[in-house]
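In this text, residue positions in the sequence shown follow numbering that gives the first Met the number 0: the first is 0, and each later residue adds one.
Ideal Cβ positions, reconstructed from N, Cα and C, are used throughout, including at glycine.
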Amino acid sequence: MERRLILKNIDYVFLTFIIGILVMSALVLSSATLNVSHDPFYYVKKQVLFIILGLAAMIFMMFINYGNLRKYHRFIYVGTIIILIFALTTGKYSRGIPVGPFFLQPSEFAKVGIIITFAHYLTQRKGKLNTLRDLIPCFAHVGLPMLLILPGDLGTSLVFVAILFGMLFTAGANPKLLTGIIAIGMAAIILILVAHFQFGLQLPLKEYQLMRLVVFTNPYNDGMNGRGYGYNIIQSQVAIGSGGLLGKGLYRGSQVQLNFLPEHHTDFIFSVVGEELGFVGAVVLLGAYFGIIYRSLMIAMNAKDMFGTLLAAGVASMIFFHVTENVGMSIGLMPITGIPLPMFSYGGSSMLSNMLAAGLVLNIYMRRQKIRF
């Protein structure tokens, strides 16, 4: 009886999109890494292991009553901050914190932790998000972990901005105020970058991070005629453009197989899809992501409580930003930030954190009504 109730209340549409992306990830990665290592299946075997662990993490998250997570919000938040401080002070951001045979990136798991704790915080402040003064504590809640991640991982720190505003909007914050803050923030970033490059204003970012933020506007104007910071974008655009409608076929992409395309198993794996599976393959993949985001928003709207609504909205905001930024930088419309394509790019920490988030959304759907387990 218990098993029937569980199986009956799983969102199989959402789960189908997840499985489809995971299968497609393994296939594309087998081509992307064919000539990267001495063992042509080295990365594929590790990715399959990450997928299995990710599925286990998703199932684990599904069967924890999400409402009980509120009891541990302080522990989750403080634990997240402590781990991020440890990673920052010990320089563990480059490879991650060693846990047995694996290296875990704390910034990846921090996203899920902050979604949980921020959802609890906003639930308590319902109806008190109308003025800038009301929003300052919210900015502080998300801003602290973001600032701890910023020096070592610019891209992931930007994900927290998307989570912040997506959840604030869902919680009922003044939309005009949020829009104004975003507009002022973007204008300030542009002015700061202009001041840095034109007048030498010192910023707490490394030069390569700053160049990645601006080189997409003209990748050939990188001081090396497209062979410096703009090289990645140029090669990515060439790969996607050469794929045409149906692509060159798996294992047949020249940019990929000859290793002209950098980081093609992580940051620029969407370019592999574009070259080898073409426009059709890219649309299928993006359609699956659209399905996940859409279903997450529907689950948010139909959650039984505000906490569940905010959790699902936070996950949707996170995935939306990841996909938009990763695909955007691959086609030259967004800055290069090193953000992976969720559940698709090679990487254990990213896979585990995104699958935990997926399990959280499924959990909310399963408990949209009162069910006795």
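Check: Same chain, Cβ closer than 7 Å to Ala357, five either side skipped, listed in chain order; Outcome: Ile17 and Met57
Check: Touch test, the stretch 352–367 against the stretch 308–325, Cβ-Cβ under 8 Å, three pairs minimum; Outcome: yes
Check: Nearest residue (CA-CA) to Tyr41, options Gly252, Leu28 and Met145; Outcome: Leu28
Check: Boundaries (first-last residue) of the alpha helix (DSSP H) holding Phe16; Outcome: Tyr11 to Ala31
Check: Under the three-state DSSP convention, the category Val98 falls into; Outcome: strand
Check: For Leu332, the three-state DSSP class (helix, strand or coil); Outcome: coil
Check: Beta bridge counterpart(s) of Leu260 as assigned by DSSP; Outcome: Paired residues: none, contrary to the question.
Check: Reduced DSSP secondary structure (H/G/I, E/B, other) of Leu244; Outcome: coil
Check: Where Phe38 falls, given that 16 or more other Cβ within 10 Å makes a residue buried; Outcome: Looking at the sequence itself, residue 38 is Asp, so the reference to Phe does not match. Asp38 should be labelled exposed.
Check: Option in Pro203, Leu121 and Gly126 with minimal Cα separation from Phe164; Outcome: Leu121
Check: Opening and closing residue of the alpha helix (DSSP H) in which Ile113 lies; Outcome: Pro105 to Gln123
Check: Residue span of the alpha helix (DSSP H) that contains Asp427, given as start and end; Outcome: A question about residue 427 goes unanswered here, because the residues of the chain that appear run from 0 up to 372.
Check: Cβ distance (whole Å) where Leu311 is taken to contact Ala299 below 8 Å; Outcome: Checking the sequence shown, residue 311 turns out to be Ala, not Leu. Correct: roughly 4 Å between the Cβ atoms.
Check: Beta-carbon gap between Gln234 and Leu260 smaller than 7 Å; Outcome: yes
Check: Test item: CB-CB of Phe306 and Ala172 under 7 Å; Outcome: no
Check: Thr265 and Pro341 closer than 7 Å at C-beta; Outcome: no
Check: Stretch pair the stretch 324–331 + the stretch 20–36: three plus CB contacts closer than 8 Å; Outcome: no
Check: Proximity test, Cβ basis, 7 Å: Ser36 and chain E; Outcome: Given the protein chain composition of this structure (a single chain), no chain E is represented.
Check: Selected residue, minimal CA-CA separation from Thr116, among Gly126, Ile96, Leu143 and Gly331; Outcome: Leu143
Check: Reduced DSSP secondary structure (H/G/I, E/B, other) of Gln201; Outcome: coil
Check: Other residues of its chain near Ile63: CB distance less than 8 Å, five sequence neighbours each side excluded; Outcome: Asn362
Check: Per-residue DSSP class, three states only, for Lys70; Outcome: helix
Check: Endpoints, alpha helix (DSSP H) assigned at Asn34; Outcome: Looking at the DSSP string, Asn34 is not in any alpha helix (DSSP H), and its letter there is neither H nor E.
Check: Expected contact under 8 Å - CB spacing of Glu275 and Gly242 to nearest Å; Outcome: 7 Å
Check: Buried/exposed call for Ser30, threshold 16 Cβ in 10 Å; Outcome: buried
Check: Residue interval of the alpha helix (DSSP H) (run including Gln208); Outcome: Glu206 to Val213
Check: Leu153 beta carbon less than 7 Å from that of Gln208; Outcome: yes
Check: Residue range of the alpha helix (DSSP H) that includes Met342; Outcome: Looking at the DSSP string, Met342 is not in any alpha helix (DSSP H), and its letter there is neither H nor E.
Check: Boundaries (first-last residue) of the alpha helix (DSSP H) holding Thr169; Outcome: Leu153 to Thr169
Check: Local conformation of Glu324 per DSSP, three classes; Outcome: helix
Check: Residue range of the unbroken alpha helix (DSSP H) whose run includes Asp133; Outcome: Leu131 to Ile148
Check: DSSP-derived helix/strand/coil call for Ile181; Outcome: helix
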